[in-house]
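Participant: So the protein lines, in turn, are chains A and B.
Residues in the first sequence are numbered from 16 upward in steps of one, following our numbering.
Residues in the second sequence are numbered from -19 upward in steps of one, following our numbering.
Each residue gets a CB set at the ideal place from its N, CA and C atoms; glycine is no exception.
A single structure is presented below for examination.
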Amino acid sequence: MKVAVELVPLGRKLELESGSSLQDVLFDHGVEFPCGGRGRCRGCRIRVLSGDVAVTPEMRLALSAKEIETGWRLGCHARVDGPLMLEVAQWEMDVLADTALLSGGMRDGAGIAVDIGTTTLVAQALDLRTGQVLGVRTGLNPQCEHGADVMSRVQFALHSAELTALIRQSVGRMAAEVSAGREDVRDVVLVGNTVMHHLFSGVSVEPLSAVPFRSSSLAETTFTPRELGWDLPPHCTVRFLRCLGGFVGSDILAGIAATRIHRAERLTALIDLGTNGEIVVGDRGRLECASTAAGPAFEAACISVGMRAATGAIAEVRTSGGGFACHVIGGGPARGICGSGLVDAAAAALDLGTLLPNGRLAGGARELRLCGTVVLSQRDLRELQLAKAAIAAGLRILCERRGARVQDLERVYLAGAFGNYVRIASAARIGLLEMEQERVEPAGNTALRGSKMSLLHGAATAGIVVEHVELAAVGSFQDTFVDCLSFPEIECTVEI
Amino acid sequence: MNMMDLHKLYDAVLNGDAKTASAFTQEALKEGAAPLDLVTNYMVPAMDEVGRRFECEDYFVPELLLAARAMKAALEHIRPLLLASGAQPVGRVAIGTVKGDLHDIGKNLVASLLEGGGFEVIDLGADVSPEKFVEAIKTRDVNLVCLSALLTVTMGAMKTTIQALEDTGVRDQVKVLIGGAPVTEQFASEIGADGYGESATAAVALARKFSHA
Ligand code: B12
Chain A
16 MKVAVELVPL
26 GRKLELESGS
36 SLQDVLFDHG
46 VEFPCGGRGR
56 CRGCRIRVLS
66 GDVAVTPEMR
76 LALSAKEIET
86 GWRLGCHARV
96 DGPLMLEVAQ
106 WEMDVLADTA
116 LLSGGMRDGA
126 GIAVDIGTTT
136 LVAQALDLRT
146 GQVLGVRTGL
156 NPQCEHGADV
166 MSRVQFALHS
176 AELTALIRQS
186 VGRMAAEVSA
196 GREDVRDVVL
206 VGNTVMHHLF
216 SGVSVEPLSA
226 VPFRSSSLAE
236 TTFTPRELGW
246 DLPPHCTVRF
256 LRCLGGFVGS
266 DILAGIAATR
276 IHRAERLTAL
286 IDLGTNGEIV
296 VGDRGRLECA
306 STAAGPAFEA
316 ACISVGMRAA
326 TGAIAEVRTS
336 GGGFACHVIG
346 GGPARGICGS
356 GLVDAAAAAL
366 DLGTLLPNGR
376 LAGGARELRL
386 CGTVVLSQRD
396 LRELQLAKAA
406 IAAGLRILCE
416 RRGARVQDLE
426 RVYLAGAFGN
436 YVRIASAARI
446 GLLEMEQERV
456 EPAGNTALRG
466 SKMSLLHGAA
476 TAGIVVEHVE
486 LAAVGSFQDT
496 FVDCLSFPEI
506 ECTVEI
Chain B
-19 MNMMDLHKLY
-9 DAVLNGDAKT
1 ASAFTQEALK
11 EGAAPLDLVT
21 NYMVPAMDEV
31 GRRFECEDYF
41 VPELLLAARA
51 MKAALEHIRP
61 LLLASGAQPV
71 GRVAIGTVKG
81 DLHDIGKNLV
91 ASLLEGGGFE
101 VIDLGADVSP
111 EKFVEAIKTR
121 DVNLVCLSAL
131 LTVTMGAMKT
141 TIQALEDTGV
151 RDQVKVLIGG
161 APVTEQFASE
171 IGADGYGESA
181 TAAVALARKF
191 SHA
């Protein structure tokens, strides 16, 4: 009998034979087994979110009673007996925290900054006087069980209050852990997209479920630990920073504070290359933002051979002697491709002439053979075209509103994990970023950094005013988008 | 004008060359070509080929839109003549993106291929209320309704629209075809649509099937 097994945070859905062992399957999806699957290390830990995985003697040796009680198991010794949803511990390591050192504030005590992502959560505890990081916790957003993207969360939340309880519990637990029982925790600052804000705050998501996706509850919300049922000092305040629009949340507000584009002399942009594709363009005079709904192609989630950046993933592709040279994570055989590899592969194929500017594979080829058994289909390249066109078109339109071209931007900050590891030259080659490479700067987890700044200097986000532009209402969107679908003919640098 | 030359009209549409398509049509008509002949023997086959290339991923959104533009440029000259001669279209289609949804690129492609396939297309635009669909059926002698949705949250509006057709007693006059990325065959049967098309090409094939039935 076949049973359904889902792996998070990537949202991979599998059909497995009941009674089969999980090890091979996990390996195929990039999970590593440091001790070779003998149950000696704890490297392949998985957590059962729903369903049951029998505890074996090996697991009792390797895991604590508390871990077993909270659902942790060893991947190498797990057997599938029924439908399962599993969290893979290794995958959490990918969560991008923030290592920037910030100057301290004027207060004593500790504070906690939390970035509530649709998929992942990061909490950092800080010393409010020195700015020093006291601890970090990362985790999976427990809401993932009820849908991978914000739209499906909204749909679920229309009929149930469960998502609010889930996220409050998880963040509360992380906050308690990261503050390690300190009595002097005074402030907790949370940031996240608008849907996360509404769900955490217990505000109705109904306005976000239908056109025009405009909510009247965008303001900052505050709570006491007691209201949330959190184990933190009773006098500390918990603030979820305000949202900027229906699809642009406080993660972007914090990103603006972190990159200081509201103080920029010249036109500057902040781009989050995620599913919602939020873009902010402006300077100290005026800021405008939009979300371009790029979809998950940069996470390689809708790509036939797509996988996360783990063992077996092609993470880099270059041209070499008229062919491709692929770098595979871990050095073994290639099993798939991750987002950065995908962008590289398209760029390299354009250089080789095997991919034409209109997105068609040259000579009527149906697929692009990269390395070993990993091939990109024509459909995969079309998905990439749609995603990159959405971002490029959004950026062009926001620049046009300022009477500028994309090439005129003084600086472009990339927020988020993908922006951190994509090769800028390749992103420029495929027309995702239509500007000089030197102007592009991967800025890391700007959401978390901004929330830390707000923790240390309460007013960090106070003066920031951002106008939200509804791209759907921009008449020229379709033409611009269609124009952006093709790849640049020649290496895309500045026009003369 | 001979057959060889007329083939250039086919090529102009296929290659998305609006200027040539328009100039050529004008010239052909001046030299006495039959309007219906231009449509059925050159333009419809050209758009069918465009659809075929789109289906097998040789063409993508830009090529399809360009071809549609070329076809429309040619149709500008032909349509008045067709109307005057009383020629009937293959079928009359009302198409729109459902209420609450503003994604219209896919819908536009479907509309263009249907038009290229010889249908008369009434494009109601995006964010179209059920009432507007009902009104179009009542006033425009429509026999096929095409609904598009790109958001999970607006798929429900497809159901409401079909319900509105039932409630106003016009459901039996039309076939309802639905599509868009999140839509599935199963969803189509759940909400009582007559068909689901995965692509613009599939939309034309289904529309033809329904119109000849
Ligand atoms: C372009 C785009 C936009 C543009 C739309 C511009 C426009 N005028 O259409 C803008 C930026 C405005 C936009 C806004 C939003 N978008 Co948007 N958008 C996209 C994007 C990038 C491409 C869609 C597209 O045009 N595809 C190309 C066309 C050709 O394909 P297609 O529509 O599927 O059509 C084909 C078939 O489906 C079929 N077909 C279509 N209709 C019909 C009808 C019939 C009858 C038949 C038979 C066949 C058929 O034929 C077509 C050709 O073969 C996708 C992501 C992606 N990478 O796909 C997101 C996407 C659709 N958007 C999404 C979202 C969430 C939004 C917003 C809510 C959020 C936001 N961030 O702003 C808003 C909502 C606005 C609104 N009220 O509708 C999500 C939907 C998720 C979901 N499951 O609901 C997507 C999937 C991105 C994501 N986040 O994952 N978006």
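Nearest chain A C-beta to P42 of chain B closer than 9 Å, yes or no?
Facilitator: By this cut-off, P42 of chain B is an interface position.
Participant: Compute the Euclidean distance between the alpha carbons of E11 of chain B and L(-14) of chain B, then round it to the nearest angstrom.
Facilitator: 11 Å
Participant: For G86 of chain B, tell me which candidate among B:G172, B:E178, B:K189, B:K(-12) has the shortest Cα-Cα distance.
Facilitator: B:E178
Participant: Can you tell me where the beta strand (DSSP E) holding K79 of chain B begins and where it ends?
Facilitator: Careful: K79 of chain B lies outside any beta strand (DSSP E) and carries neither H nor E.
Participant: Flag G338 of chain A as yes if its beta-carbon sits less than 9 Å from any beta-carbon of chain B, otherwise no.
Facilitator: no
Participant: Regarding Q38 of chain A and the ligand B12, is the C-beta to nearest heavy atom distance less than 8 Å?
Facilitator: If you check the C-beta of Q38 of chain A against the ligand B12, you find no heavy atom less than 8 Å away.
Participant: Taking any Cβ of chain B, which residues in the region 222 to 256 of chain A have a Cβ under 8 Å from it, in chain order?
Facilitator: Listed by position along the chain: S224, A225, V226.
Participant: So that I know if they touch, is there some Cβ in chain C lying closer than 9 Å to that of A487 of chain A?
Facilitator: You won't find chain C in this structure, because its protein chains are A and B.
Participant: Work out the CA separation of I102 of chain B and A225 of chain A for me, nearest whole Å.
Facilitator: 25 Å
Participant: Alpha carbon to alpha carbon, how far is G124 of chain A from A324 of chain A?
Facilitator: 38 Å
Participant: Mapping DSSP to helix, strand and coil, what is E504 of chain A?
Facilitator: coil
Participant: With respect to the beta strand (DSSP E) encompassing L428 of chain A, which residues constitute its N-terminal and C-terminal limits?
Facilitator: Per the sequence shown, residue 428 of chain A should be read as Tyr rather than Leu. Residues 426 to 430.
Participant: Go ahead and label A380 of chain A buried or exposed: buried means 16 or more other beta carbons lie within 10 angstroms of its beta carbon, across all protein chains shown.
Facilitator: That one is exposed.
Participant: Between which two residues does the beta strand (DSSP E) harbouring L288 of chain A extend?
Facilitator: That residue, L288 of chain A, is in no beta strand (DSSP E); it is neither H nor E in DSSP.
Participant: Report the residues of the region 81 to 107 of chain B with a CB closer than 9 Å to any CB of chain A, ordered along the chain.
Facilitator: D81, L82, H83, D84, I85, N88, A106, D107
Participant: Specify, as a first and last residue, the run of the beta strand (DSSP E) that V204 of chain A falls within.
Facilitator: 200 to 207
Participant: Tell me whether H212 of chain A counts as near the ligand B12, meaning its Cβ is closer than 8 Å to at least one heavy atom of that ligand.
Facilitator: no
Participant: Go through the region 130 to 179 of chain A residue by residue and report every complete run of the alpha helix (DSSP H) that reaches 4 residues or more, in order.
Facilitator: 165 to 172
Participant: Determine, using beta carbons only, whether A(-2) of chain B and L61 of chain B come nearer to each other than 9 Å.
Facilitator: no
Participant: Within 9 Å of any Cβ in chain B, is that where the Cβ of G261 of chain A sits?
Facilitator: Output row for G261 of chain A: interface = no.
Participant: Between V497 of chain A and chain B, is there a C-beta pair that is closer than 9 Å?
Facilitator: Answer yes: the Cβ-Cβ gap between V497 of chain A and chain B drops below 9 Å somewhere.
Participant: Do we get a CB-CB distance below 9 Å when we pair V320 of chain A with the residues of chain B?
Facilitator: no
Participant: Does the Cβ of M16 of chain A have 16 or more other Cβ atoms within 10 Å, making it buried, or fewer, making it exposed?
Facilitator: exposed
Participant: Exposed or buried, what is Q139 of chain A when buried is set at 16 or more other beta-carbons lying within 10 Å of its beta-carbon?
Facilitator: buried
Participant: Chain A beta carbons: is any one of them nearer than 9 Å to that of E37 of chain B?
Facilitator: So yes, E37 of chain B belongs to the interface.
Participant: Buried or exposed for M450 of chain A, going by 16 or more other Cβ atoms inside 10 Å?
Facilitator: Buried, by the Cβ-count rule.
Participant: How about D81 of chain B and L131 of chain B: do their beta carbons lie closer than 9 Å?
Facilitator: yes
Participant: Sorry if obvious, but does the Cβ on F262 of chain A come closer than 8 Å to a heavy atom of the ligand B12?
Facilitator: Checking every heavy atom of the ligand B12 against the Cβ of F262 of chain A, one is found closer than 8 Å.
Participant: 9 Å is my cut-off, CB to CB: does S501 of chain A come that close to chain B?
Facilitator: yes
Participant: Taking 9 Å as the threshold (beta carbon to beta carbon), is Q170 of chain A in contact with chain B?
Facilitator: yes
Participant: Can you tell me whether A305 of chain A is helix, strand or coil according to DSSP?
Facilitator: strand
Participant: Which residues in chain A have a C-beta closer than 8 Å to the C-beta of V133 of chain B? List them in chain order.
Facilitator: M166, V169, Q170, S224, A225
Participant: Check the Cβ-Cβ distances between R397 of chain A and every residue of chain B, and say whether any is below 9 Å.
Facilitator: yes
Participant: Please classify C36 of chain B: is it buried, with 16 or more other beta-carbons within 10 angstroms of its beta-carbon, or exposed?
Facilitator: exposed
Participant: When you compare the region 388 to 396 of chain A with the region 358 to 377 of chain A, are there three or more beta-carbon pairs, one atom per stretch, that lie closer than 8 Å?
Facilitator: Counting Cβ pairs under 8 Å, three or more are found: they touch.
Participant: Would you say I511 of chain A faces chain B, with C-beta separation under 9 Å as the test?
Facilitator: Unreliable positioning characterises I511 of chain A in this predicted model, as indicated by a pLDDT of 39, which lies under 50. A coordinate reading is not provided.
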